[in-house]
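Presented below is the structure to which this report refers.
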Amino acid sequence: MRWFRHICALPRDDLKLDIVSEIALNPAKWKEKDAASWCSRARNRWDLNRKIAAVFAGSDDPVDVFPDAVRDVPKEYQELVEKVWAGTFDSQPDKALERAMAILKSVQLTDQELMADFGYEPQVFTIWKFDRRDERFGIEHPGNIPAGIVFNTLCYSTDQDDLVIDPMAGGGGAVGVCRAMKRRVLAFDVEPVRPDIRRHNALDEWPMEPGFASLVFLDPPYWKQKRGEYKGERNLANMPLNDFYDGMFQVFRRAFDALRDGGHIAFIVGPTQENGMVRDHALEFAGILNKAGFAYLNRVIVPYTTQQVSGFDVAQARKGKYLLKLHRDLLVYRKGNA
3 MRWFRHICAL
13 PRDDLKLDIV
23 SEIALNPAKW
33 KEKDAASWCS
43 RARNRWDLNR
53 KIAAVFAGSD
63 DPVDVFPDAV
73 RDVPKEYQEL
83 VEKVWAGTFD
93 SQPDKALERA
103 MAILKSVQLT
113 DQELMADFGY
123 EPQVFTIWKF
133 DRRDERFGIE
143 HPGNIPAGIV
153 FNTLCYSTDQ
163 DDLVIDPMAG
173 GGGAVGVCRA
183 MKRRVLAFDV
193 EPVRPDIRRH
203 NALDEWPMEP
213 GFASLVFLDP
223 PYWKQKRGEY
233 KGERNLANMP
243 LNDFYDGMFQ
253 VFRRAFDALR
263 DGGHIAFIVG
273 PTQENGMVRD
283 HALEFAGILN
293 KAGFAYLNRV
303 IVPYTTQQVS
313 GFDVAQARKG
323 KYLLKLHRDL
333 LVYRKGNA
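For what it's worth, this note's numbering labels the leading residue of the sequence shown as 3, then goes sequentially.
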C-alpha cells in the first residue's frame with residue numbers, strides 16, 4: 003500500500019499503533035488520502051503537545067513527551083491542563099497553545115508572593131535596612147550580601163524569567179535569590195566557590211551573547227576594605243585606587259554591552275574611610291556610569307549596624323570632629339534614556 007509511507011513518517015511508535023488500530027477496525031474504508039489526513043493531524047497535534055508540555059515544564063524547547071507522560075504539571079491546575087490537551091483535537095487546535103500560556107500566567111506566583119515565602123516584602127522607601135546574611139542563600143564568603151537587597155532589586159528591576167548577570171558572584175547569595183524569584187541567572191567570579199558559578203574575571207569579555215540581560219547586579223569589593231581576602235593582582239580589591247576606578251569602568255562597559263535596551267545595572271558599594279578621610283566610591287561610580295553610557299534611575303541607602311564600628315572609632319571621630327559612615331549606597335542605572 004502506497005499510503006503506508008505516511009504511517010512510517012509518524013514521529014512515535016504509539017502514533018503509528020493508533021492509526022494501524024483504526025485501520026484494522028474497517029480496512030475497506032481507508033484510502034491513501036484518509037491515511038495522509040489522519041497522519042498529518044496526528045503530527046500537528048504531537049508537535050503542538052510538545053510545545054504545550056514545554057510551557058508547563060518551563061523549557062524553551064519542545065519537550066519530547068506526549069501529554070500523558072507529563073509529570074511536572076502541578077495538581078492544582080491539572081484539570082485545566084487536561085482541557086488544554088483536549089483542545090488540541092478541536093477545530094482550532096493552535097488556540098490550545100495560547101490557552102496553555104494563559105493558564106500558566108494565571109497560576110504563576112507574583113513577586114510579592116515569592117518574596118513572602120522567604121519572609122521578605124517589597125520596600126517602598128529608599129532606605130533598605132538589611133544588614134545580615136541570610137544563610138538560606140549562598141555560602142560564607144568575604145563578599146556576602148543580605149538577601150533582602152537582592153530580592154528587592156529583582157522585584158523593581160526585572161520580571162520573572164528575565165536574565166540576570168552576577169559577574170562578581172562571591173558566595174552565590176544573589177544566585178540563590180534569583181532562582182527563588184524565578185529569574186534566569188548567569189554567575190561568574192574570579193575565584194568561584196560553587197559549581198554553578200563560572201570561573202571568569204569580570205574585567206575580561208563576558209562569556210555570553212550581548213544585548214540579552216535585563217539586569218546586571220554587582221557587589222564589587224569596596225576597594226581595599228577586603229584587601230588580602232581576595233587573590234590576584236587583577237582582583238579589584240588589590241588595585242591602587244585609580245586602577246580600581248579604571249577597572250570598574252571596564253566592568254560597567256561590559257555590563258552595558260550585555261544588557262538589552264532599557265535593562266538595568268544595580269550595584270552596591272560602601273565608602274572607604276580611614277584617618278578621618280572618606281573615599282566616597284558611590285560618587286565616583288556615578289560619574290563613571292555616566293561615562294559608560296548609563297542613565298541614572300535611583301539611589302537607595304543601605305545602613306550598616308553600629309556594630310560595624312568600635313568604641314575606639316567613635317572616640318577618635320569625636321576627637322577629630324569627623325563623621326563615621328554607617329551606610330552603603332545601592333545605585334540603579336538604566337541602559338538608554340531614563
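Beta carbons: idealized from backbone N, C-alpha and C, even for Gly.
Predicted, not measured: the structure shown is a model, and the values here were computed from it.
Residue i to residue j span [Cα, whole Å]
i      : j      : result
Val72  : Ala171 : Unreliable positioning characterises Val72 in this predicted model, as indicated by a pLDDT of 47, which lies under 50. The coordinate reading is nonetheless provided below. The alpha-carbon atoms of Val72 and Ala171 are separated by roughly 35 Å.
Asp164 : Leu332 : 21 Å
Asp282 : Pro124 : 27 Å
Phe319 : Leu111 : In the sequence under discussion, the amino acid at residue 319 is Ala, which differs from the Phe named in the question. Distance between the alpha carbons of Ala319 and Leu111: 49 Å.
Phe314 : Pro222 : 28 Å
Phe269 : Val302 : 10 Å
Leu27  : Pro13  : 23 Å
Arg330 : Glu211 : 32 Å
Tyr232 : Asn203 : In this prediction, Tyr232 has a pLDDT of 49, which is less than 50 and means its spatial position is unreliable; nothing more can be read from the coordinates.
Asn244 : Asp119 : 43 Å
Asn46  : Lys33  : 20 Å
Arg256 : Ser216 : 14 Å
Glu115 : Lys131 : 20 Å
Ser312 : Pro197 : 37 Å
Val280 : Lys321 : 16 Å
Pro209 : Phe190 : 9 Å
Thr155 : Tyr306 : 18 Å
Ile151 : Arg201 : 24 Å
Sequence-distant residues of its chain with Cβ nearer than 6 Å to residue i (five each side left out)
i      : result
Lys327 : Pro273 and Gln275
Ile141 : Gly173
Asp113 : Cys157
Gly234 : Note on Gly234: pLDDT 49, under 50, position unreliable in the model; the coordinate value appears next. So the list is empty, once near-sequence residues are dropped.
His143 : Gly172 and Gly173
Ile25  : Trp32
Beta-carbon proximity list for residue i, same chain, < 7 Å, skipping 5 on both sides
i      : result
Leu17  : Ala44 and Trp48
Ile290 : Tyr247, Met250, Phe251 and Phe254
Val271 : Pro222, Tyr224, His283, Ala284, Phe287, Arg330 and Asp331
Same chain, Cβ closer than 8 Å to residue i, neighbours up to 5 away in sequence not counted
i      : result
Phe296 : Phe254, Phe258, Ile267, Tyr335, Arg336 and Lys337
Asn146 : Arg135, Gly140, Gly172, Gly173 and Gly175
Thr128 : Asn300, Arg301, Val302 and Ile303
Val316 : Leu326
Val22  : Ile9
Asn292 : Tyr298
Residue i - partner residues in DSSP beta bridges
i      : result
Arg2   : This structure does not reach residue 2, given that the chain is present from 3 up to 340, and the question cannot be answered.
Ala215 : Leu261
Ala268 : Phe219 and Val334
Ile21  : The partner list for Ile21 (beta bridge, DSSP) is empty, contrary to what the question assumes.
Ile129 : Ile303
Asp191 : Arg201
Candidates the options, of which the one nearest residue i by Cα
i      : options                           : result
Leu220 : Leu205, Asp133, Ala26 and Gln162  : Leu205
Arg7   : Asn244, Lys31 and Asp36           : Asp36
Phe214 : Gln252, Leu188, Leu291 and Lys131 : Leu188
Val166 : Tyr247, Val218 and His202         : Val218
Ala294 : Glu286, Asn300 and Arg301         : Glu286
Ala288 : Met279, Tyr298 and Val280         : Tyr298
Ala1   : Val126, Thr160, Tyr122 and Asp161 : Only positions 3 to 340 of the chain appear in the structure, and residue 1 is not among them; the question remains open.
Asp20  : Lys31, Pro212, Ala30 and Trp40    : Trp40
Phe153 : Gln162, Asp161 and Met117         : Met117
Leu261 : Glu115, Thr160 and Cys10          : Thr160
Asn339 : Glu115, Ala284 and Gly264         : Gly264
Ile199 : Asn292, Gly178 and Ser216         : Gly178
Arg138 : Ala182, Asp15 and Met241          : Ala182
Gln162 : Cys180, Ala11, Asp168 and Arg185  : Arg185
Pro194 : Glu207, Asp168 and Tyr306         : Asp168
Where the beta strand (DSSP E) containing residue i begins and where it ends
i      : result
Met279 : Met279 to Arg281
Phe296 : Phe296 to Pro305
Arg196 : Run containing Arg196: none; DSSP gives neither H nor E here.
Glu276 : Thr274 to Glu276
Where the alpha helix (DSSP H) through residue i begins and ends
i      : result
His8   : Phe6 to Cys10
Asp331 : Taken as a continuous stretch (DSSP letters only), Asp331 belongs to no alpha helix (DSSP H), being part of the beta strand (DSSP E) at His329 to Lys337.
Thr155 : Ala149 to Ser159
Glu115 : Asp113 to Ala118
Ile141 : Here Ile141 belongs to no alpha helix (DSSP H), and DSSP marks it neither H nor E.
Arg320 : Gly313 to Gly322
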